[in-house]
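Engineer: The structure's right below; bear with me while I get my questions together.
In the numbering used here, the protein residues as written are 3 to 944.
Structural data, given as structure tokens:
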């Protein structure tokens with residue numbers, strides 16, 4: 003209320019005027035002539051402008067509003083002014099419809115503590131001030147109540163605070179989704195939070211606006227069960243230790259790959275940051291070998307940057323100047339240095355069935371070294387994310403829903419825009435289309451729910467033309483991929499084909515305008531939703547091909563198979579691998595890269611990643627965070643208006659406002675409408691039903707030609723107004739209040755006049771009474787008895803002091819007697835206190851002696867207990883040995899018994915066998931004897 007009352011301008015007599023430095027300034031209307039306004043500027047000069055060149059100011063009730071979509075005049079000036087005023091008060095979060103706009107405060111604010119986070123848990127968005135935690139809690143509650151995956155899209159330019167907000171979001175979800183913790187074990191919540199430092203150490207870099215900018219886009223998914231407990235997570239992604247172990251020197255300037263940009267960050271301690279990173283690896287359960295391999299690869303890449311080559315005279319062949327850096331890099335890779343250098347200088351190429359060594363110029367070798375280093379680092383970063391995902395898997399079988407947090411660079415318009423800016427802007431074009439479509443769906447649902455007839459427009463289609471220009475066949479990306487396989491193609495031939503195909507035929511393709519100021523040369527322009535971007539196409543073909551030296555990769559694959567380096571290239575199929583596979587009679591496997599996939603360009607990989615990301619986003623309910631840089635000087639509280647307006651355009655806030663203007667952006671529930679605007683139709687507002695009262699009030703205003711029926715709609719629970727109507731309602735309300743105040747003021751003035759008249763009338767009566775009293779006093783003054791009374795009056799008063807003195811003397815004597823009694827009692831108490839102190843000293847002495855004796859007894863008991871324990875342990879040892887000996891004797895006895903039983907059984911068996919053999923022989927002898935006898939009988943008979 004104080005801010006509203008102190009505004010030095012009024013929305014009816016002032017307007018916003020465009021200004022090059024401040025964005026917009028306030029001008030006072032001096033004259034209104036048709037379509038032209040004459041305004042008094044803050045500097046004292048006047049300016050005449052057309053009405054469509056100025057912007058209206060919102061009523062005072064919208065001062066520092068928390069949700070800018072409620073502004074009755076949705077224009078750039080009002081949005082900028084609201085953000086500026088809130089930022090001055092360090093209210094860094096502001097809603098703008100579906101957006102939550104964040105402005106980097108460039109200082110630490112105590113608004114991210116656990117106590118603040120707990121204040122936002124299970125609270126509606128309107129119940130608390132705008133905050134990142136409010137959006138996060140809304141996403142968490144929507145996931146549980148609507149049983150649907152959620153996503154949070156955090157975008158903005160480098161240095162706007164995207165990564166810091168991502169960290170806060172992850173910490174918030176880890177806090178509200180954390181289960182019971184075991185202090186001795188690392189919790190899953192801690193691992194999810196610590197995944198960021200581990201990845202940022204390898205993925206952050208310096209930019210123009212931010213010394214420690216996240217140079218990769220990441221989509222972090224946090225998985226929850228049906229109760230909202232965090233059960234896992236994963237990361238989708240679109241440092242340097244100086245020690246003798248890695249053959250590195252202390253001077254970082256000696257390594258060109260890492261010293262081209264900023265090597266120090268103000269307020270950041272390298273040693274502390276390394277400890278944080280190393281601790282994050284420990285929390286993520288990296289093994290010492292894995293950490294050591296990562297550091298080795300980083301050091302090896304640094305040494306690769308110092309490999310120097312020169313051109314041989316009169317030959318198309320380069321040679322190395324010094325083997326020192328190559329030797330150190332090879333040692334860290336674990337490969338032969340001669341083979342590595344040879345593969346770079348004379349790579350082997352298979353021509354038909356023969357292997358041929360191909361000569362390389364100095365530039366080709368340097369390009370090959372850079373491409374190889376970049377490929378190693380990129381694959382190492384991919385491995386790092388996969389390794390973190392392995393730790394974050396948690397209990398995947400319990401995962402039901404997830405909340406994804408997208409941290410990605412925002413739309414960029416620089417003085418020189420190249421291949422990277424095209425893809426960043428294309429991603430943001432797709433994300434803006436996703437937002438527009440989502441906003442269209444929500445608006446459609448709102449109007450249907452309220453029963454309002456409205457012709458729906460899918461604003462996502464507005465961006466389709468630009469998207470088609472970039473991604474469709476014969477578009478910018480398609481023609482770039484085609485040009486990469488055309489012999490002798492160059493960047494200029496690519497630009498010529500683009501110009502021939504699209505210039506004058508496609509509305510979003512334009513010829514680049516000449517550079518202004520610091521702008522670089524450009525070859526074509528694209529009309530994006532955020533503005534026209536001039537692109538320079540130099541080195542686009544090389545960047546899109548991303549060539550790798552096949553022979554060098556083959557050498558790297560000869561390293562230790564248990565190392566990370568081998569894991570990086572394990573799926574890469576080189577010509578050597580294919581030949582070995584063919585010799586073994588195996589079919590060629592579909593490796594990720596190589597000849598079989600030589601046309602898999604960088605654009606193709608980016609497009610696949612973007613398609614996967616958009617598919618995930620379309621399966622979620624999104625929430626949007628837009629981060630803004632207030633100024634490039636990193637000064638807290640300062641707003642650079644042109645910079646902020648450019649970002650509001652680029653990150654889609656103004657695009658969302660444009661969409662709001664098409665419909666009924668201002669909504670008010672019936673109860674609030676009746677309460678605030680009941681003064682405009684007092685009789686109609688008396689109805690107990692808020693809806694009936696509001697409809698009757700609106701009907702009265704329409705019948706009186708005060709408002710137009712086309713400027714509002716009544717729904718089931720709300721009144722919908724077109725842009726600017728609430729300002730009109732506020733003006734009508736102010737006029738009604740002014741009339742009431744005028745009537746009240748006139749009544750008060752009448753009352754004060756009546757009171758003044760009564761005071762004047764009573765003055766005459768008082769003058770007469772005063773004259774009467776004066777005359778009576780003159781009569782008494784000469785009366786003798788009155789004079790006698792005046793003389794006797796002091797004498798009557800003189801008898802009272804004697805009695806008072808006697809009474810005081812009596813009280814003084816009583817006080818002296820009581821004081822003497824108290825002094826006697828004080829002496830007795832002092833004597834008793836001294837006795838008690840002596841007794842206390844004696845008790846303290848005896849207590850100390852008893853304590854000393856107790857300590858001695860305690861020590862003796864401890865020694866006795868120690869000796870008893872030793873004896874007990876010796877006894878137990880002897881008993882254990884005796885038991886062991888007894889067990890050994892028992893085992894030996896059993897073994898002997900088993901042996902004796904076995905021998906006895908063997909003897910019995912052998913005796914039984916002997917007996918059986920004996921009986922068999924006896925039987926055979928008897929048979930033979932019988933036969934002999936029969937033969938003898940027969941012989942005798944013969």
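Each residue gets a CB set at the ideal place from its N, CA and C atoms; glycine is no exception.
All of these numbers come straight from a predicted model, not from anything done at the bench.
Taking the beta strand (DSSP E) that residue 18 belongs to, which residues open and close that run?
Structural biologist: On the chain shown, position 16 is the one that residue 18 refers to. First-last of the beta strand (DSSP E) with residue 18: 16–21.
Engineer: Return the bridge partner residues of residue 652 from the DSSP annotation.
Structural biologist: Sequence index remark: in the chain shown, residue 652 carries index 650 (1-based). Answer is none; residue 652 lacks a bridge partner.
Engineer: Within a Cβ cutoff of 6 Å, which residues of the same chain sit near residue 398, ignoring the five residues on either side of it in sequence?
Structural biologist: Position 396 of the chain shown, counting from 1, holds the residue named residue 398. Answer for residue 398: 234, listed in chain order.
Engineer: Give the DSSP bridge partners of residue 153, in chain order.
Structural biologist: Your numbering for residue 153 matches position 151 in the chain shown. Residue 153 pairs with 406 and 624.
Engineer: Hey, quick one: how far does the beta strand (DSSP E) through residue 423 stretch, first residue to last?
Structural biologist: Along the chain shown, read from residue 1 onward, the residue named residue 423 stands at position 421. Element bounds for residue 423: not the beta strand (DSSP E) but the alpha helix (DSSP H), 421–452.
Engineer: Could you tell me the alpha carbon to alpha carbon distance between residue 773 and residue 763, rounded to whole angstroms?
Structural biologist: As a first step, residue 773 is located in the chain shown; it is residue number 771 there, counting from the start. As a first step, residue 763 is located in the chain shown; it is residue number 761 there, counting from the start. About 17 Å.
Engineer: Under three-state DSSP, which class holds residue 678?
Structural biologist: The sequence position of residue 678 within the chain shown is 676, counting from 1. In the structure shown, residue 678 sits in a helix (DSSP, three-state: H, G or I).
Engineer: I need the straight-line Cα distance from residue 348 to residue 552, nearest angstrom please.
Structural biologist: Within the chain shown, the letter at position 346 stands for residue 348. Within the chain shown, the letter at position 550 stands for residue 552. When rounded, the distance between both Cα atoms is 11 Å.
Engineer: Out of curiosity, what's the CA-to-CA distance linking residue 20 and residue 624?
Structural biologist: Translated into positions along the chain shown, residue 20 becomes position 18. Translated into positions along the chain shown, residue 624 becomes position 622. Roughly 34 Å separates the two Cα atoms.
Engineer: Can you grab the Cα-Cα spacing for the pair residue 939 / residue 930, in whole Å?
Structural biologist: As a first step, residue 939 is located in the chain shown; it is residue number 937 there, counting from the start. As a first step, residue 930 is located in the chain shown; it is residue number 928 there, counting from the start. Going from the Cα of residue 939 to the Cα of residue 930 covers about 14 Å.
Engineer: How far does the beta strand (DSSP E) with residue 48 in it extend, from its first residue to its last?
Structural biologist: Taking the chain shown and counting its residues from 1, the one referred to as residue 48 is at position 46. Looking at the DSSP string, the run of the beta strand (DSSP E) that includes residue 48 is 48–52.
Engineer: Considering only their Cβ atoms, is the gap separating residue 108 from residue 636 smaller than 7 Å?
Structural biologist: What you label residue 636 is simply residue 634 of the chain shown in a count that begins at 1. What you label residue 108 is simply residue 106 of the chain shown in a count that begins at 1. It is a contact, given that the beta carbons lie within the stated cut-off.
Engineer: If contacts are defined as beta-carbon pairs under 8 Å, then residue 308 and residue 327 qualify, I think. What distance do you get, rounded to the angstrom?
Structural biologist: Looking up residue 308 in the chain shown gives position 306. Looking up residue 327 in the chain shown gives position 325. Contact flag correct, Cβ pair sits at about 4 Å.
Engineer: Can the beta-carbon of residue 80 be found less than 7 Å from the beta-carbon of residue 98?
Structural biologist: For the purposes of this step, residue 80 is taken as the residue at position 78 of the chain shown. For the purposes of this step, residue 98 is taken as the residue at position 96 of the chain shown. No, the pair does not count as a contact, with Cβ atoms beyond the cut-off.
Engineer: Distance check for residue 437 and residue 555, CA to CA, integer angstroms please.
Structural biologist: Residue numbering aside, residue 555 sits at position 553 when the chain shown is read from its first letter. Residue numbering aside, residue 437 sits at position 435 when the chain shown is read from its first letter. Looking at the two C-alpha atoms, the distance is approximately 43 Å.
Engineer: From residue 945 to residue 434, what distance separates their C-alpha atoms?
Structural biologist: With the chain covering 3 to 944 only, the question about residue 945 has no answer from this structure.
Engineer: Between 15, 337, 497 and 40, which has its C-alpha nearest residue 58's C-alpha?
Structural biologist: Taking the chain shown and counting its residues from 1, one reaches residue 58 at position 56. Taking only the C-alpha atoms, the option nearest residue 58 is 15.
Engineer: Going along the chain, which residues of its own chain have a beta-carbon closer than 8 Å to the beta-carbon of residue 595, five neighbours each way excluded?
Structural biologist: On the chain shown, position 593 is the one that residue 595 refers to. Reliability of the predicted coordinates at residue 595 is poor, the pLDDT of 43 falling under 50, and no value is obtained from them.
Engineer: Going by other Cβ atoms of all chains shown within 10 Å of its Cβ, with 16 needed for buried, is residue 808 buried or exposed?
Structural biologist: For this step, residue 808 is matched to residue 806 along the chain shown. So residue 808 ends up on the exposed side.
Engineer: Do residue 578 and residue 337 count as a contact pair if the criterion is CB distance below 7 Å?
Structural biologist: Here residue 337 refers to the residue found at position 335 when the chain shown is read from its first residue. Here residue 578 refers to the residue found at position 576 when the chain shown is read from its first residue. No.
Engineer: Jot down the residue ranges of each uninterrupted alpha helix (DSSP H) in the segment 665–722, minimum 4 residues, whole runs only, in chain order.
Structural biologist: Correct list: 672–679 and 692–705.
Engineer: Which first and last residues belong to the beta strand (DSSP E) in which residue 42 is found?
Structural biologist: Counting from one through the chain shown, the residue named residue 42 turns up at place 40. Its beta strand (DSSP E) spans residues 38–42.
Engineer: Just the Cα atoms here: how many angstroms apart are residue 439 and residue 143?
Structural biologist: For the purposes of this step, residue 439 is taken as residue 437 along the chain shown, with counting starting at 1. For the purposes of this step, residue 143 is taken as residue 141 along the chain shown, with counting starting at 1. Roughly 23 Å separates the two Cα atoms.
Engineer: Just reading off the beta strand (DSSP E) that residue 34 is part of, what are its end residues?
Structural biologist: Counted from its first residue, the chain shown places residue 34 at position 32. Segment 25–35, the beta strand (DSSP E) holding residue 34.
Engineer: Can you name the start and end residues of the beta strand (DSSP E) that residue 110 belongs to?
Structural biologist: Counting from one through the chain shown, the residue named residue 110 turns up at place 108. Careful: residue 110 lies outside any beta strand (DSSP E) and carries neither H nor E.
Engineer: Report, in whole angstroms, the separation of the C-beta atoms of residue 481 and residue 500, which I expect to be a contact under 8 Å.
Structural biologist: For this step, residue 481 is matched to residue 479 along the chain shown. For this step, residue 500 is matched to residue 498 along the chain shown. That belief holds up - the Cβ atoms of residue 481 and residue 500 are roughly 6 Å apart, short of 8 Å.
Engineer: Please tell me whether residue 687 and residue 672 are closer than 7 Å, where the distance is taken between their beta carbons.
Structural biologist: The residue you call residue 687 lines up with position 685 of the chain shown. The residue you call residue 672 lines up with position 670 of the chain shown. Contact flag unset, no.
Engineer: Check residue 1 in the structure and name its three-state DSSP category.
Structural biologist: Given that the chain is displayed from residue 3 to residue 944, the structure contains no residue 1 and the question cannot be resolved.
Engineer: Straight-line CA distance for residue 484 to residue 502?
Structural biologist: Taking the first residue of the chain shown as 1, we reach residue 484 at position 482. Taking the first residue of the chain shown as 1, we reach residue 502 at position 500. Between residue 484 and residue 502, the C-alpha separation is close to 15 Å.
Engineer: Do the segment 61–78 and the segment 726–734 make contact, defined as three or more Cβ pairs closer than 8 Å?
Structural biologist: Taking 8 Å as the limit for Cβ pairs, the verdict is that the segment 726–734 does touch the segment 61–78.
Engineer: Could you tell me which residues DSSP pairs with residue 321 in its beta bridges?
Structural biologist: Counting from 1 along the chain shown, the entry for residue 321 is found at position 319. Its beta-bridge partners are 312.
Engineer: Do residue 629 and residue 169 have their beta-carbon atoms positioned less than 7 Å apart in this structure?
Structural biologist: One-based indexing of the chain shown puts residue 169 at position 167. One-based indexing of the chain shown puts residue 629 at position 627. For residue 169 and residue 629, no; Cβs fall outside 7 Å.
Engineer: Closest to residue 62 by C-alpha separation, out of 193, 313 and 13, would be which residue?
Structural biologist: If you number the chain shown from 1, residue 62 lands on position 60. Answer by Cα proximity: 13.
Engineer: How many whole angstroms separate the CB atoms of residue 335 and residue 652, which I take to be in contact at a CB cut-off of 8 Å?
Structural biologist: Counting from 1 along the chain shown, the entry for residue 335 is found at position 333. Counting from 1 along the chain shown, the entry for residue 652 is found at position 650. Wrong, their Cβ atoms sit about 42 Å apart, outside the cutoff.
Engineer: Is it the case that the segment 637–644 contacts the segment 24–44, given that we only count it when at least three CB pairs across the two stretches are under 8 Å?
Structural biologist: Yes, the segment 24–44 touches the segment 637–644.
Engineer: Go ahead and label residue 589 buried or exposed: buried means 16 or more other beta carbons lie within 10 angstroms of its beta carbon, across all protein chains shown.
Structural biologist: Residue 589 sits at position 587 when you count from the first residue of the chain shown. Note that residue 589 scores 47 on pLDDT, short of 50, meaning its location in the model is unreliable; the coordinates nonetheless yield the value given after this. Residue 589 comes out exposed.
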